[in-house]
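Protein chains: 2
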Amino acid sequence: MNAPELTAFAGLAIQPADIDGAAARLAGVAHRTPVHTSRQADERTGGKLFFKCENFQRMGAFKFRGAYNALAQFDARQREHGVIAFSSGNHAQATALAARLLGMPSVIVMPTDSPAAKLAATREYQRGQRGSEVVLYDRYKEDREAIGRRLAEERGMTLIPPYDHPHVMAGQGTAAAELIDEVGPLDMLLVCLGGGGLLSGCAVAAQARVPGIEVIGVEPEAGNDIQQSLAAGRIVKIDTPRTIADGAQTQAAGLLTFPVMQRLVRRVVTVSDAQLVSTMRFFAERMKMVVEPTGALAAAAVLEGVVQPRGQRVGIIVSGGNVALPRYASLIGGGAGDATAT
Amino acid sequence: MNAPELTAFAGLAIQPADIDGAAARLAGVAHRTPVHTSRQADERTGGKLFFKCENFQRMGAFKFRGAYNALAQFDARQREHGVIAFSSGNHAQATALAARLLGMPSVIVMPTDSPAAKLAATREYQRGQRGSEVVLYDRYKEDREAIGRRLAEERGMTLIPPYDHPHVMAGQGTAAAELIDEVGPLDMLLVCLGGGGLLSGCAVAAQARVPGIEVIGVEPEAGNDIQQSLAAGRIVKIDTPRTIADGAQTQAAGLLTFPVMQRLVRRVVTVSDAQLVSTMRFFAERMKMVVEPTGALAAAAVLEGVVQPRGQRVGIIVSGGNVALPRYASLIGGGAGDATAT
Chain H
0 MNAPELTAFA GLAIQPADID GAAARLAGVA HRTPVHTSRQ ADERTGGKLF FKCENFQRMG
60 AFKFRGAYNA LAQFDARQRE HGVIAFSSGN HAQATALAAR LLGMPSVIVM PTDSPAAKLA
120 ATREYQRGQR GSEVVLYDRY KEDREAIGRR LAEERGMTLI PPYDHPHVMA GQGTAAAELI
180 DEVGPLDMLL VCLGGGGLLS GCAVAAQARV PGIEVIGVEP EAGNDIQQSL AAGRIVKIDT
240 PRTIADGAQT QAAGLLTFPV MQRLVRRVVT VSDAQLVSTM RFFAERMKMV VEPTGALAAA
300 AVLEGVVQPR GQRVGIIVSG GNVALPRYAS LIGGGAGDAT AT
Chain Y
0 MNAPELTAFA GLAIQPADID GAAARLAGVA HRTPVHTSRQ ADERTGGKLF FKCENFQRMG
60 AFKFRGAYNA LAQFDARQRE HGVIAFSSGN HAQATALAAR LLGMPSVIVM PTDSPAAKLA
120 ATREYQRGQR GSEVVLYDRY KEDREAIGRR LAEERGMTLI PPYDHPHVMA GQGTAAAELI
180 DEVGPLDMLL VCLGGGGLLS GCAVAAQARV PGIEVIGVEP EAGNDIQQSL AAGRIVKIDT
240 PRTIADGAQT QAAGLLTFPV MQRLVRRVVT VSDAQLVSTM RFFAERMKMV VEPTGALAAA
300 AVLEGVVQPR GQRVGIIVSG GNVALPRYAS LIGGGAGDAT AT
């Protein structure tokens, strides 16, 4: 890559070389997930779609990439004391699994009302790992950040946030890097959008490979904070959105992810919960894949006609498949009424 | 391959070279489906499991392989008049799709009470194809074979049965061939078993690649006709079994498939409907895949402990993913009571 091309990334928190570094760390550790295609999806949308299946990633979501890339760069002292993370979702399991693989303790701070399955999965990854535990807090009475700071100080642990960290962002970008390296140049790349970790990493990876590619972020309709932020030119904070896309219930972009999105993302579109459910059904019925609501965001934008490719080659990141079976069954098997977030 | 090795297949309806021929015909037409692995499945079973995912095959099941391999060998007159098939299941869709791709008419004879989704899918594959139609019959009043014979005579069409045909058997065998060619030698291969088309083809492909490999067929508990037949040394016919594995509700082995199984299959085991449901849940929850009840047969035998690998390398054919969403949702989301066939 020559100098004029690199200026596209000047001043951003991550550079194309950071994605390459992350890819080297993840080689043989993360799955190189498959890319699926569907003639029916192509006929329906008018594009040539390539689905990068991160639901088949270790622990069921792309989050493993970023967590492992961050933890793998800890120095000796950090490794000894371990990692701390707040999360009731995929970042919890990703951090616990990455810590286990790297032989370090992990403390995951989760709300007392976290789904039992997620608690169990996180503890399963921590099993047998010294100094590892789940710390529960009451989300209505306690301040999780205060709990985290106290634990970090007392135990000397390093906090890894779910998205606003350069190593996390670079790790997530390897998903888009693998996709384009496998299928060749794309005209358009759609990425699920919560706090922007996946989108910012993927935007850097994609623009480095295909300068000018149209990178599109997809948010839930109920939580379009980044759409608003890009329009306003500053980070807009919203109330916790009510949406079935629980991985995208973020209130604001990150300080590091936002400038990357401002520079490298063409636009952000939104989809409704009903469109997410319709897309989850398409995945189950036609592509035989279990996709969680958040994981269906990017695909929904194309399959539901929000974005209309005209013969273009479109990459779609399917970000994860972690959804409790009773809830999943109710969403794909139920009537339209089940699509409403509660 | 030298002469002594080939004697293993002497007198059987298909030979290793027939699988190679089928593979050549299917190249670039059928998907080379991915092989998935699962650390959780390995930990639970004590084996190293390789899942060949035919649920990601075109039209959602391995049946496409056999149907296409058969239709692709039609002569000019046969192509002109087209193909006829009886099926309420995956063979219907496989035949309709293969006929369309080869530009020939297809008539599919289905019972009037076939699931609407399967009727619609079959008609979708026939759309725009001259002379193609679904012919409905009343399964309680009419003889489908008489209907088929009459149509075949009137229209000069060629009947392709769902399993008891050498070209169908050879086509199905390419699934095992691809699996072993990709992951290397296996100690054991488990295959879903209805009429024996998939099992006989896969047994030939596997024994040609790994002489002496332990090939195991897996039937539903309620319909173990082939287990009985192998014990009796002759084809035993049973009543249509009541099982959720609708693709394995066959009454008897084929005249061509049975001798192959007698020679090349070590044993046949059975699993219950409850074990199939438990396995479908494992696939959804842990491996993020939609698998139909019949498609879970082989995996259930290992995951439910009927067959216990001890550090062995085990191939498992996941045969399909075609199941109506409401039924699927009820099976994976429901209580144990939902597992009972009705």
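For the record, the sequence lines run as chains H and Y.
Reading the first sequence from the start, the letters are residues 0 to 341 in numbering that gives the first Met the number 0.
Reading the second sequence from the start, the letters are residues 0 to 341 in numbering that gives the first Met the number 0.
In this text, a Cβ means the ideal position worked out from N, Cα and C, and glycines have one as well.
query	result
Could you pull the start and end residues of the beta strand (DSSP E) that H/I159 belongs to?	Run containing H/I159: none; DSSP gives neither H nor E here.
May I have the straight-line CA-CA distance separating H/V106 from H/H80, to the nearest angstrom?	10 Å
Identify, in the order they occur along the chain, each residue of the same chain with its Cβ nearer than 7 Å to the Cβ of H/E53, setting aside the five sequence neighbours on each side.	T32, A60, F61, A174, I316, V317, S318 and G319
Please classify H/L330 as buried or exposed, where buried requires at least 16 other C-beta atoms within 10 Å of its C-beta.	buried
At least one CB of chain H closer than 7 Å to the CB of Y/A12: is that the case?	no
Using DSSP bridges, identify the partner residues of H/P219.	H/V270
Look at the Cβ atom of Y/H164, then the Cβ atom of Y/N68, and state whether they are nearer than 7 Å.	no
Taking Y/E177 as the reference, give the member of Y/T6, Y/A22, Y/A12 and Y/P161 with the closest Cα.	Y/A22
According to DSSP, simplified to helix, strand and coil, what is H/E213?	strand
Quick check on the burial criterion: 16 or more other C-beta atoms within 10 angstroms. Buried or exposed for H/Y162?	buried
Does Y/K62 come out as helix, strand or coil in the three-state DSSP assignment?	helix
If you drop the 5 nearest sequence neighbours on each side, which residues of the same chain put their C-beta closer than 8 Å to that of H/R129?	P104
Which ranges does the beta strand (DSSP E) cover as unbroken runs of at least 3 residues, wholly within the segment 81-155 of chain Y, from first to last along the chain?	82-85, 105-110 and 132-136
Answer yes or no: does any C-beta atom of chain H fall closer than 7 Å to that of Y/G130?	no
Counting beta carbon pairs with one atom in the segment 136-152 of chain H and one in the segment 116-127 of chain H, are three or more of them shorter than 8 Å?	no
Which residue marks the beginning of the beta strand (DSSP E) containing H/F257, and which one marks its end?	Where H/F257 is concerned, there is no enclosing beta strand (DSSP E), although the alpha helix (DSSP H) it sits in stretches over T256 to L263.
Roughly how many angstroms separate the alpha carbons of Y/D112 and Y/V82, rounded to a whole number?	22 Å
Would you mind reading off the limits of the alpha helix (DSSP H) that contains H/I331?	L324 to G332
Measuring CA to CA, which of H/Q56, H/G20, H/M156 and H/K51 is closest to H/A75?	H/M156
Okay, do the segment 304-313 of chain H and the segment 35-45 of chain H touch, 3+ Cβ pairs below 8 Å being the bar?	yes
Report, in whole angstroms, the separation of the C-beta atoms of Y/I237 and Y/G222, which I expect to be a contact under 8 Å.	6 Å
For Y/E284, return the contacting residues in chain H, with the cut-off set at a CB-CB distance below 7 Å.	L324
Y/G65 and Y/G195 look like a contact to me (Cβ under 8 Å); what is the Cβ gap, rounded to whole Å?	Wrong, their Cβ atoms sit about 12 Å apart, outside the cutoff.
Using the C-alpha atoms, what's the distance from Y/A328 back to Y/L150?	38 Å
Less than 7 Å between the C-beta atoms of H/T239 and H/Q248, yes or no?	yes
For chain Y, check one thing: does any of its Cβ atoms lie closer than 7 Å to the Cβ of H/N89?	no
Going by Cα to Cα distance, which pick from H/G88, H/A84 and H/R78 is closest to H/L100?	H/R78
Please give the ranges of any alpha helix (DSSP H) in the segment 165-202 of chain Y, keeping only runs that are unbroken, at least 4 residues long and fully inside the region.	165-182
Where do the ends of the beta strand (DSSP E) carrying H/V313 lie?	R312 to V317
Could you please give me the residues that DSSP links to H/M288 through a beta bridge?	Y/M288
Smallest Cα separation from Y/V133: which of Y/I159, Y/Q92, Y/M168 and Y/A169?	Y/Q92
Check each residue of the segment 72-87 of chain H: if its Cβ is closer than 8 Å to any Cβ of chain Y, include it; give the result in chain order.	none
Is the CB-CB distance between H/P292 and H/A244 below 7 Å?	yes
Per DSSP, what kind of secondary structure is Y/F73 in: helix, strand or coil?	coil
Mapping DSSP to helix, strand and coil, what is H/V301?	helix
For a quick check, are the C-beta atoms of Y/S228 and Y/V217 less than 7 Å apart?	no
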